[in-house]
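Shown next, in structure tokens, is the structure this report addresses.
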Amino acid sequence: MQIRTVDITKNFVGGSARPVLDGVSLEVGSGELVALLGPSGSGKTTLLRIIAGLEFPDSGSVYFGDEDASQKSVQERRVGFVFQNYALFKNLTVGENIAFGLDVRGRELRPPKAEIRRRTLELLDLVQLSGLEKRRPGQLSGGQRQRVALARALAVEPRVLLLDEPFGALDAKVRRDLRAWLRELHQQTGHTTTFVTHDQDEALELADRVAVLNGGRIEQIGSPDDIYDHPATPFVHGFIGEASALRADLRGGRIFIGGHELALPGKSGRNGSGRLFVRPHDIAIGEAAANGLEAEIVALRRSGATRRAEIAVPFEAGRVEIDAPTSANLRPGEKVPIRFLRGTFFLDGESAAA
Amino acid sequence: MTETIAQWAPETAESVWTRISRSRGRGAATGESPLLAGVLIAVSLIFLALFLILPLAVVFYEAFAKGALAYLAALAEPDAQSAIRLTLLVAAIAVPLNVVFGLAAAWAIAKFRFPAKSFLITLIDLPFSVSPVVAGLIYVLLFGAQGLLGPWLKAHGLEIIFAVPGIVLATIFVTFPFVARELIALMEDQGTSEEEVALSLGASGLATFFRVTLPNVKWALLYGVLLCNARAMGEFGAVSVVSGHIRGLTNTMPLQVEILYNEYNITAAFAVASLLALLALVTLAAKSLLEGRFKDGHSAKTRGH
Amino acid sequence: MKGLSSVSVAIKRNSIIPGFGLTLGYTLVYLSVIVLIPLGALVLRASSLGLSGLWNIATEPRIFAALRTSFSIALAAAAINVLFGGIVAWVLSRYEFPGRRLLDAAVDLPFALPTAVAGISLAAIYAPNGLIGSLIAPLGWQIAYTPLGIGVALVFIGLPFIVRTVQPVIAELEADVEEASATLGATRIQTLWRVVLPALTPALMTGFALAFARGVGEYGSVIFIAGNLPYVSEIAPLLIIVKLEQFDYAGATAIATLMLLASFSILLIINLIQAWNRRRFGQ
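Chains as they are written, first to last, in my numbering: chain P, 1 to 354; chain R, 1001 to 1305; chain V, 2001 to 2283.
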């Protein structure tokens, strides 16, 4: 089932100047796994809750397939929603939690008791919790609760699956295990799935496509490769992966720092000054950068297998960080040539120009 | 306030209900329907009006039923005057004694670890689960003419039952836990680190208590005193058993209310009652103020009596 | 005393805070003088009656009737308060409407208003010539001076116990649990019944027990409205006073002992409810 939001706008109840969501349109294809990624306050959770019907937009519509779901209540939308803190019913057992959505159906839609039980056991098996049917949520670990919450959401055969920070409350190791497991589960069940996260690794690793939100707007939607390699806006470049920003100029399709032309392609047509975003591993240093910019090493730090160097780029363009092999003989205060292998230039007050 | 009213005017009934049922920090999907919300609010309002507001209003209505002059005359009666004086006297003895006890108990319980502590707390709360009449009875059984110590007291010319000391004792019993439980709860939360710092900086024990501990618990102490005082002045059952109802001598205000009422002197009974009701209102107002001031959470927990 | 001082020494070793011996000593002495010794006098009297003596007194028709009246009406009033107090707690916690804060403060009125004042006021309202009494008199109904009147007084007295026990639990309910129920297709009524109510049940039970315990022992607010007719509307605490006036100390002691036993059992039950609740939810 495809999800489509069209021009969703939502303002704070208090009526603050900036809307929570500002004209957000998003399409999630049938069977696709899409991440809503952004810093806190970007509106990503609100968007997810509006899709679910837990909140209503001030304007805009939500479509499930061809059907306009905007006027439907949360009960009618049949979404599977997994809450950040799982929201399990403490007074019910694991089995009763999973069966809840079937139990509350009207008499004509409710499956027979035996069928409900069969489905419950099947789902317990799917989330690898067989045998824990009689436990109460209080007796489970965080990871187990998470999987019960997922099984409960799947029990109603939802048209779409929505997850709010699904791994936010777990510790690092459980998180990684569950991530791989969720990916597998998605391939198995094929639900159209949208999840909210503030963790870029999670988004890039798990999702088919990632929507980066900032300040109530979608900055960019694309595959993880797109997002990482071709960030569409300065925000995306700064938010995803590590990057340094340098003052630079664009003249006739060429990029300059000070008077020095960089061997990078720039879009022609517009001239002006702006910022060049470069990632640490896209900067060559030393012999590999012959004829490059002469830059000064400011500080050196050991960082895992490599040595991290902080380098002041001339013409007051700013500082970059790069990873150098530990064998490289670098000293603070030394001048070394550097060369940019890749980078993205943004004119001031504009999105991608390179 | 004016803004709220201005917003109210153009709204439809539907939108008013929507705002009512959704305005306490909940998502749009989890409110009751306007109809159900309306029914629940109406039920609450009627129930509270019938059981809380009406009895309070009737006290003042009946007190002034025969005019302000009759009201003032009823309060000027010598018996009423002496009941007021006795009530103030009893509270003036009982409340400070329970404050000293509350401070001592809270200090011992909150600042030290020792065995059977929770049992001690249960014992301190005990008077709350004893019927006021039983509270009066136990003193009669101990100090009364036929009580355990009765003959000895009589031989020494000491009167406790049917006299002021008995009233004071019964009052202390029923108000026993108020100050202590307030202070114990707060001081256990606060721990001992501030006292330890003060002592390590060279303050004496007493200086530590007066300059560190007491300022930290002053609002809770005031809160406990407030509740303790309201109950001390208003206690009826326990005092009724030990007082002997001697007019002008052992009648407190609540007992005076009873006597006047039973004599069908309704206006006078409600006049004295109105003073007690006023005390209750002042107590409630001060309680609300204090709750906003020093606590979130542990005030709203089970308490009362 | 030796035990106490050795405890005191043991504690002094790991605490630099002074005053333990003094404050604990004072606490124990004061507690003994005011509470424990007088209660001991009652227990002593009761034990001289013996179990069979207690039983004989408790089954005297008038005493038995008074105990039955006190317990059954306290039970009924507590049940009424669970329903209405529960609704009041929900409305005060979840809805915003003009006057809400004032009503919230007013819930404590039965704690603050002296019981005798409440008693004469309720009697005046529900008497046949009173504000409400005169409205229902033409229907042939009477509240004051009947067991119904006792019920009215006990509902008044018990209300804050339910509301103040349930309110903090409502405040701590997680919004997302109710939302989860809605996403799973439950109607609002189903959510209230299957998700919210079970979460409030332990608090409602505790409030019920507290209101019941208070109602059994209540005296001041009841006697004015009850009519105090032996075998019909005479409550146990009043009968204690009647017995005392007749110098029947044994009778008074027996009734008091039974009431004490009842309230301690209720205290125990409350603690069990809370322990059971903690275990059940695995916290």
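Ideal Cβ placement from N, Cα and C applies to all residues, glycine included. No experiment lies behind these values; they were computed from the predicted model shown.
About 11 Å separates the beta carbon of Ala245 (chain P) from that of Arg279 (chain P), a gap too long to meet the 8 Å contact definition. In this structure, Ala1280 (chain R) lies near Ala2112 (chain V), with their beta-carbon atoms less than 8 Å apart.
DSSP lists P:Tyr63 as the beta-bridge partner residues of Asp68 (chain P). When DSSP reads this structure, Asp323 (chain P) sits in a beta bridge with P:Arg308.
According to the DSSP assignment, Arg119 (chain P) belongs to the alpha helix (DSSP H) that extends over Lys113 to Leu126. DSSP, read as helix, strand or coil, puts Asp22 (chain P) in strand.
With respect to Leu47 (chain P), Asp208 (chain P) sits apart: the two C-beta atoms are not nearer than 8 Å. For Tyr1264 (chain R), not one C-beta of chain V is nearer than 8 Å to its own C-beta.
As the crow flies, the alpha-carbon of Leu2139 (chain V) is around 14 Å from that of Asn2129 (chain V). Annotated three-state conformation of Asn214 (chain P) is strand, per DSSP. From the beta-carbon of Gly101 (chain P), the residues of chain V found nearer than 7 Å are Leu2184 and Gly2185. Pro2198 (chain V) has a beta carbon lying at 8 Å or more from every beta carbon in chain R. With a cutoff of 8 Å on beta-carbon distance, Val1257 (chain R) and Ile2120 (chain V) are scored as near each other. Annotation: the continuous beta strand (DSSP E) that includes Ala35 (chain P) extends over Leu33 to Leu37.
For a Cβ distance threshold of 7 Å, residue set Val104 of chain P lies close to Gln2190 (chain V), ordered along the chain. Between the segment 148 to 164 of chain P and the segment 78 to 92 of chain P there are three or more C-beta pairs closer than 8 Å, enough to call the two in contact. By the neighbour-count criterion, in which a residue is buried when 16 or more other Cβ atoms sit within 10 angstroms of its Cβ, Thr1252 (chain R) is buried. Residue pairing of Gln1081 (chain R) in beta bridges, as defined by DSSP: absent, with no partner found. Taking a beta-carbon distance threshold of 8 Å, Ala2180 (chain V) counts as an interface residue toward chain P. Cβ proximity to chain V below 8 Å picks out nothing from the segment 4 to 37 of chain P.
One finds Asn85 and Ala87 in chain P with Cβ atoms closer than 8 Å to the Cβ of Glu2174 (chain V), taken in chain order. Residues of the segment 1056 to 1080 of chain R that bring their beta carbon within less than 7 Å of a beta carbon in chain V comprise Leu1056, Val1058, Val1059 and Glu1062, in sequence order. Three or more beta-carbon pairs separated by less than 8 Å are not found between the segment 2144 to 2164 of chain V and the segment 58 to 75 of chain P, which leaves the two stretches without contact. DSSP places Ser1288 (chain R) within a helical segment (H, G or I) once states are collapsed to three. Counting C-beta atoms within 10 angstroms of its own C-beta, Asn329 (chain P) has fewer than 16 neighbours from the protein chains shown and is therefore classed as exposed. Around the beta carbon of Trp2055 (chain V), fewer than 16 other beta carbons sit within 10 angstroms, so the residue counts as exposed. When the five nearest sequence neighbours on each side are left out, no beta carbon in the same chain lies closer than 6 Å to the beta carbon of Ala2105 (chain V). Checking the DSSP bridge columns, you'll see Thr197 (chain P) partnered with P:Leu37. Taking the CA atoms as reference points, Ala1110 (chain R) sits about 21 Å from Leu1227 (chain R).
Between Thr197 (chain P) and His186 (chain P), the C-beta spacing is not below 8 Å. Contact between Val298 (chain P) and Ile311 (chain P) holds: their C-beta atoms lie close to 6 Å from each other, under 8 Å. DSSP, read as helix, strand or coil, puts Leu264 (chain P) in strand. The straight-line gap separating the alpha-carbon atoms of Leu1260 (chain R) and Ala1104 (chain R) is approximately 41 Å. Only those residues of the segment 2067 to 2096 of chain V whose C-beta falls short of 7 Å from the nearest C-beta of chain P would be listed, and there are none.
Distances from the CA of Leu2239 (chain V) to each of V:Phe2224, V:Arg2188 and V:Ile2255 were compared; the closest alpha carbon is that of V:Ile2255. Chain order gives the chain R residues near Ile2125 (chain V) as Leu1054, Pro1055 and Val1058, where near means a beta carbon separation below 8 Å.
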